[in-house]
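Read through the structure below, which is laid out as structure tokens, and then see the notes.
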Amino acid sequence: MESFEKIDNSKTEYDLTLKIILIGHSSVGKTNILTKFCDDKFFENSEITLGASFKTKIVEVNDKKVKLLIWDTAGQERFRSITKSQTSFNKLDYWVKELKSQEQTNAMFMIIGNKCDLEDKRKISKEKGENFAKENKVLFMETSAKDGTNVEKAFRTLIEQIVASKKNQNNLKDTIILNSNSKKSEDKCC
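The following block contains the structure:
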């Protein structure tokens with residue numbers, strides 16, 4: 007898997023701006039996924055996000071420089087009904103329906119099963135996650151923010167889909183929901 011080209015964000019112009027919103031149950035690893043992707047860091051005991059945090063990153067995909075505006079939500083009023091205390095996988099059906107009913111109905115969605123490094127604590131099979139995503143016509147990938155497995159690939163896959171959509175339909179879907187949802191135990195580690 008080829009890495010995103012490192013680009014000096016302060017001196018670069020870009021072709022597209024995409025907004026990515028990380029949502030999901032508390033303690034599934036949204037902040038660590040974001041930190042791993044943007045800063046290549048992982049914090050074993052990261053604090054729970056209050057409100058929202060925000061990072062930017064410029065990447066190159068399919069000969070396009072893409073500026074990513076990535077939001078890590080937690081308790082943000084707009085998503086409060088989605089992110090309140092719920093079990094992660096068992097509420098995916100509700101979350102997908104709720105998100106699709108929001109104003110971002112043209113958004114692309116990806117379900118992330120984080121913490122794939124904790125195989126011995128797995129509660130939901132990869133196949134079950136893949137089947138759910140297929141039934142709901144959303145992207146799916148398992149990741150580990152801790153060891154970096156598929157974190158960059160998840161973002162790249164999502165961004166490539168959007169860039170291709172713009173090229174093929176001449177219509178950019180400018181808001182993307184990256185639904186981070188742990189498929190592991192309810193550990194609060196990642």
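For the sequence shown, the tail end lands on 196 under the numbering used here, and the numbers increase by one without skipping. No residue lacks a Cβ here, since even glycine has one placed at the ideal position from N, Cα and C. Since this is a predicted model, take the numbers as computed values, not measurements.
Beta-carbon proximity list for residue i, same chain, < 7 Å, skipping 5 on both sides
i    : result
A151 : G35, N38, I39, K42, F48, N120, V157, C196
K61  : L40, C44, I76
Host beta strand (DSSP E) of residue i (start-end)
i    : result
I117 : 114 to 119
E148 : 145 to 148
K127 : Looking at the DSSP string, K127 is not in any beta strand (DSSP E), and its letter there is neither H nor E.
T23  : 22 to 29
Residue burial classification, residue i (beta-carbon count within 10 angstroms, cutoff 16)
i    : result
E141 : exposed
T23  : exposed
A113 : buried
Own chain residues within Cβ distance below 8 Å of residue i, not counting five before or after
i    : result
E148 : I118, G119, N120, C122, K132, G135, T155, N156, K189
V67  : F10, R162, I165, E166, V169
K143 : none
S59  : T37, L40, W77, D78
Residues near residue i by beta carbon distance below 6 Å, same chain, minus five either side
i    : result
L145 : M116
D21  : K70, K71
D153 : D123
E19  : none
V102 : N142
Limits of the alpha helix (DSSP H) - the one that residue i falls within
i    : result
T37  : 36 to 45
K134 : 132 to 141
Assumed close pair residue i, residue j - CB separation to whole angstroms, cut-off 8 Å
i   : j   : result
T79 : I27 : 6 Å
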